[in-house]
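Asker:
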Amino acid sequence: MSVAFEVQGVGITELAEEFGTPLYLYDGEEITTRFQGLREHLHPSLEVFYSLKANPNISICSLLYRCGARAEVSSLTELVTARRAGVAPRDIIFLGPGKSRAELAACLDEGIYALVCESLGELALIDEVARERGITARVALRVNPSFSVKGSGLTMGGKPRQFGMDEEQLLAETPELAARYPAVRLMGVQVYLGTRILGEETVVENTRRILDLAERVSAHLDFPLEMVDIGGGLGIAYFDNEKDLDLAELSAHLNPLIEGFTSRHPDTRMIMELGRFLVAASGTYVTRVRYTKTSMGENFAVTDGGTNHHMAAVGIGSYVKRNFPMAALERMDEPATEPWHITGPLCTPNDVIGKKVPMPALRAGELVGVQRSGAYGPTASPVHFLSHGYPAEVLVLDGRARLIRERDDVEVMLGRQRLYDATGTDES
Ligand SMILES: *Cc1c(COP(=O)(O)O)cnc(C)c1O
Numbered sequence: 089m090s091v092a093f094e095v096q097g098v099g100i101t102e103l104a105e106e107f108g109t110p111l112y113l114y115d116g117e118e119i120t121t122r123f124q125g126l127r128e129h130l131h132p133s134l135e136v137f138y139s140l141k142a143n144p145n146i147s148i149c150s151l152l153y154r155c156g157a158r159a160e161v162s163s164l165t166e167l168v169t170a171r172r173a174g175v176a177p178r179d180i181i182f183l184g185p186g187k188s189r190a191e192l193a194a195c196l197d198e199g200i201y202a203l204v205c206e207s208l209g210e211l212a213l214i215d216e217v218a219r220e221r222g223i224t225a226r227v228a229l230r231v232n233p234s235f236s237v238k239g240s241g242l243t244m245g246g247k248p249r250q251f252g253m254d255e256e257q258l259l260a261e262t263p264e265l266a267a268r269y270p271a272v273r274l275m276g277v278q279v280y281l282g283t284r285i286l287g288e289e290t291v292v293e294n295t296r297r298i299l300d301l302a303e304r305v306s307a308h309l310d311f312p313l314e315m316v317d318i319g320g321g322l323g324i325a326y327f328d329n330e331k332d333l334d335l336a337e338l339s340a341h342l343n344p345l346i347e348g349f350t351s352r353h354p355d356t357r358m359i360m361e362l363g364r365f366l367v368a369a370s371g372t373y374v375t376r377v378r379y380t381k382t383s384m385g386e387n388f389a390v391t392d393g394g395t396n397h398h399m400a401a402v403g404i405g406s407y408v409k410r411n412f413p414m415a416a417l418e419r420m421d422e423p424a425t426e427p428w429h430i431t432g433p434l435c436t437p438n439d440v441i442g443k444k445v446p447m448p449a450l451r452a453g454e455l456v457g458v459q460r461s462g463a464y465g466p467t468a469s470p471v472h473f474l475s476h477g478y479p480a481e482v483l484v485l486d487g488r489a490r491l492i493r494e495r496d497d498v499e500v501m502l503g504r505q506r507l508y509d510a511t512g513t514d515e516s
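According to our numbering, the sequence shown is numbered sequentially starting from 89.
#1: Enumerated in chain order, which unbroken segments of the beta strand (DSSP E) with a length of 3 residues or greater are wholly contained in the stretch 239-271?
#2: Given 7 Å as the limit, tell me if residue 290 has its C-beta closer than that to any heavy atom belonging to ligand 1.
#3: Using three-state DSSP, classify residue 411 as helix, strand or coil.
#4: Rounded to whole angstroms, what is the Cα-Cα separation between residue 387 and residue 497?
#5: Is there a C-beta anywhere in chain D that falls below 8 Å from the one on residue 510?
#6: With a threshold of 7 Å, establish whether the CB of residue 283 neighbours any heavy atom of ligand 1.
#7: What separation, rounded to the nearest whole angstrom, lies between the Cα atoms of residue 398 and residue 371?
#8: Using only the alpha-carbon positions, how far apart do residue 162 and residue 169 sit?
#9: Roughly how many whole angstroms lie between the Cα atoms of residue 322 and residue 391?
#10: Quick check: residue 264 and residue 319, are their CB atoms within less than 8 Å of each other?
#11: Could you tell me how far apart the beta carbons of residue 257 and residue 317 are, in whole angstroms, since I believe they sit closer than 8 Å?
#12: Can you find the residues in the same chain that come closer than 8 Å, C-beta to C-beta, to residue 332, ignoring five residues on each side of it along the sequence?
#13: Going by CA-CA distance only, name the one from 234, 261, 383, 238 that's closest to residue 248.
#14: Locate the beta strand (DSSP E) running through residue 427, then write down its first and last residues.
#15: Would you call the stretch 415-423 and the stretch 90-97 in contact, with 3 or more CB pairs under 8 Å?
#16: Sort out for me which residues DSSP pairs residue 451 with in a bridge.
#17: Helix or strand or just coil, what does DSSP make of residue 139?
#18: Compute the distance between the beta-carbons of residue 521 and residue 196, then report whether it is under 8 Å.
#19: In whole angstroms, what separates the C-alpha of residue 295 from that of residue 428?
#20: Near residue 250, which residues of its chain fall below 6 Å by C-beta distance, leaving aside the five closest residues on each side in sequence?
#21: Going by beta carbon distance, what residues of the same chain come within less than 7 Å of residue 452, once the five residues before and after it are set aside?
#22: Quick check on DSSP: helix, strand or coil for residue 441?
#23: My output table needs one value for residue 232: the three-state DSSP class, helix, strand or coil.
#24: How many Å lie between residue 375 and residue 352 at the Cα?
#25: What's the C-alpha gap between residue 223 and residue 271?
#26: Considering just the uninterrupted stretch of the alpha helix (DSSP H) at residue 349, what are its terminal residues?
#27: Give me the Cα-Cα distance between residue 401 and residue 424, rounded to the nearest whole angstrom.
#28: Do you know offhand how far residue 366's Cα is from residue 138's?
#29: So, residue 150 versus residue 174, is the Cβ gap smaller than 8 Å?
#30: Between residue 394 and ligand 2, is there a pair consisting of the residue's CB and a ligand heavy atom that are separated by less than 7 Å?
#31: Out of 364, 495, 433, state which residue places its alpha-carbon closest to the alpha-carbon of residue 122.
#32: I want to check one thing, is the minimum distance from the CB of residue 362 to the heavy atoms of ligand 1 below 7 Å?
#33: Which residues share a DSSP beta bridge with residue 362?
#34: For residue 144, does the count of other Cβ atoms within 10 angstroms reach 16, so buried, or fall short, so exposed?
#35: Cα-Cα, which of 477, 439, 225, 486 is closest to residue 120?
This is the structure we're talking about:
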């Protein structure tokens, strides 16, 4: 008997049979444990907001909310998701560079804690929408700092960006900026410096500079700092030669900074927004091998799921393809003896989720999984490509597997299209 992958005692073979493949499988216990581990280390004044962008499923959001996370949202649907998952308006912030009038209106009508504003044009629109409602909008400024700190998968600061307002522009503004927008109350600063950060010292250095910047900007524009959002961008290890963050090491240096800041600003809400760090490790993308073949001496396993559901597996942050951790899920104990290309059903040579992955000799019909795939999975993938649609998602909680999203079927895929029959008598 081979050893099969299982989640909280539920075996992968049964799960794949019950829910079908391809499938995203999430381990709720891993999410809970991770959140609690983070909470045990972080300074108690630092509130954790879950960035729904990483995995917008409402049950994932609800689970994190029950753990104690708040919500950072960036679209109308994400806002409604967070509300329906139970998150209170006072624990929601909304950010994003291209907010619509409808989104701004919804934020104000819901009474969320803060709109994170990314441009002067947006500030004017917030003012207008708030004035129509006869209310004052709570607005934090997203600042694009003049500095950058190396060490993240994607560096945000110190570059021309569509996100936020340049630090230099804000510091060149007169303190009367706020007075030009009477229905806006400036109350906070947000900075996000990048994603997939795996260096403890990078997070600490980012935070030190962001706290500094927040004090400078609020002093210059003369508004009280009710909140500072230090971003986050904490990563998890995906590839060989990467290492997970050491939370003890991180907090040993981060917490004194937070402590110093809160002692100067006891009434300021301190926020860290995290997506990937909270959910990535919980997820496995489960596919079934349909065919095996060789081409010019190399092994291929063609599976029922590919980059249409897992675009990140093509390679992130690098021109050289690096493989996510992958496994033959029903033979976890068997030695990897040969290199396999793991490819999907798409008609494009780029549909490769693993390149020369060491595996036991794969057979048609068995399950292959991509691990650490709980963040930026289907939501960040071209799920409509070749009209395959969104995969099913299953969350295992308290030892029980629950379907938290049905896979799209043909009717779902075609249901939003309109047939214009050029030869027929259609009169619409
Ligand atoms: C994407 C994003 C996040 C979440 O990033 P992670 O790296 O997944 O934690 C947080 N804040 C902002 C502004 C973002 O754009």
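Ideal Cβ placement from N, Cα and C applies to all residues, glycine included.
Answerer: So, from the data block:
#1: none
#2: Within the sequence shown, residue 290 is the residue found at index 202, counting from 1. No, since every heavy atom of ligand 1 falls outside the 7 Å radius drawn around the Cβ of residue 290.
#3: Position 323 of the sequence shown, counting from 1, holds the residue named residue 411. Reduced to three states, the DSSP call for residue 411 is coil.
#4: Here residue 387 refers to the residue found at position 299 of the sequence shown. Here residue 497 refers to the residue found at position 409 of the sequence shown. Distance between the alpha carbons of residue 387 and residue 497: 31 Å.
#5: Of the protein chains in this structure there is only one, and it is not chain D.
#6: Locating residue 283 in the sequence shown gives position 195, counting from the first residue. Within the cutoff, so yes.
#7: As a first step, residue 398 is located in the sequence shown; it is residue number 310 there, counting from the start. As a first step, residue 371 is located in the sequence shown; it is residue number 283 there, counting from the start. Approximately 12 Å, taken between the alpha carbons.
#8: In the sequence shown, counting from the first residue as 1, residue 162 sits at position 74. In the sequence shown, counting from the first residue as 1, residue 169 sits at position 81. So the alpha carbons of these two residues sit roughly 11 Å apart.
#9: Residue mapping note: residue 322 aligns to position 234 of the sequence shown, counting from 1. Residue mapping note: residue 391 aligns to position 303 of the sequence shown, counting from 1. So the two alpha carbons sit approximately 31 Å from each other.
#10: Taking the sequence shown and counting its residues from 1, one reaches residue 264 at position 176. Taking the sequence shown and counting its residues from 1, one reaches residue 319 at position 231. Contact flag unset, no.
#11: Along the sequence shown, read from residue 1 onward, the residue named residue 257 stands at position 169. Along the sequence shown, read from residue 1 onward, the residue named residue 317 stands at position 229. That belief does not hold up - the Cβ atoms of residue 257 and residue 317 are roughly 19 Å apart, past 8 Å.
#12: Mapped onto the sequence shown, residue 332 falls at position 244. Same-chain partners within the cutoff: 286, 324, 325.
#13: Position 160 of the sequence shown, counted from the start, is the residue given in the question as residue 248. Minimum Cα distance to residue 248 is reached at 234.
#14: Within the sequence shown, the letter at position 339 stands for residue 427. Unbroken beta strand (DSSP E) run through residue 427: 426-431.
#15: yes
#16: By 1-based counting over the sequence shown, the position of residue 451 is 363. In the DSSP output, where bridge partners are listed per residue, residue 451 has none listed.
#17: Counting from 1 along the sequence shown, the entry for residue 139 is found at position 51. Three-state DSSP puts residue 139 in a strand.
#18: The displayed coordinates of the chain run from 89 to 516. Any statement about residue 521 would go beyond what the structure contains.
#19: Residue 295 sits at position 207 when you count from the first residue of the sequence shown. Residue 428 sits at position 340 when you count from the first residue of the sequence shown. About 42 Å.
#20: Looking up residue 250 in the sequence shown gives position 162. Around residue 250: 185.
#21: Here residue 452 refers to the residue found at position 364 when the sequence shown is read from its first residue. Excluding residues within five positions, the ones whose Cβ falls inside 7 Å are 377, 378, 379, 380.
#22: Taking the sequence shown and counting its residues from 1, one reaches residue 441 at position 353. In the structure shown, residue 441 sits in a strand (DSSP, three-state: E or B).
#23: Residue numbering aside, residue 232 sits at position 144 when the sequence shown is read from its first letter. Looking at residue 232 - three-state DSSP - the assignment turns out to be strand.
#24: Mapped onto the sequence shown, residue 375 falls at position 287. Mapped onto the sequence shown, residue 352 falls at position 264. Approximately 52 Å, taken between the alpha carbons.
#25: Looking up residue 223 in the sequence shown gives position 135. Looking up residue 271 in the sequence shown gives position 183. C-alpha separation (whole angstroms): 7 Å.
#26: Mapped onto the sequence shown, residue 349 falls at position 261. From DSSP, the alpha helix (DSSP H) with residue 349 extends over 335-352.
#27: Indexing the sequence shown from 1 puts residue 401 at position 313. Indexing the sequence shown from 1 puts residue 424 at position 336. Straight-line Cα distance between these residues: approximately 20 Å.
#28: As a working mapping, residue 366 is identified with position 278 in the sequence shown. As a working mapping, residue 138 is identified with position 50 in the sequence shown. Residue 366 and residue 138: Cα-Cα distance of roughly 8 Å.
#29: In the sequence shown, residue 150 corresponds to position 62, counting from 1. In the sequence shown, residue 174 corresponds to position 86, counting from 1. Going by beta carbons, residue 150 and residue 174 fall inside the 8 Å limit.
#30: Absence of ligand 2 is noted for the structure shown, with ligand 1 being the only ligands found.
#31: Here residue 122 corresponds to residue number 34 of the sequence shown, with the count starting at 1. Per the Cα distances, 364.
#32: Counting from one through the sequence shown, the residue named residue 362 turns up at place 274. Answer for residue 362: yes, Cβ within range of ligand 1.
#33: Here residue 362 refers to the residue found at position 274 when the sequence shown is read from its first residue. Answer by DSSP bridge pairing, in chain order: 138.
#34: Within the sequence shown, residue 144 is the residue found at index 56, counting from 1. By the neighbour-count rule (16 or more Cβ atoms within 10 Å), residue 144 is buried.
#35: In the sequence shown, counting from the first residue as 1, residue 120 sits at position 32. That would be 486, whose Cα lies nearest to the Cα of residue 120.
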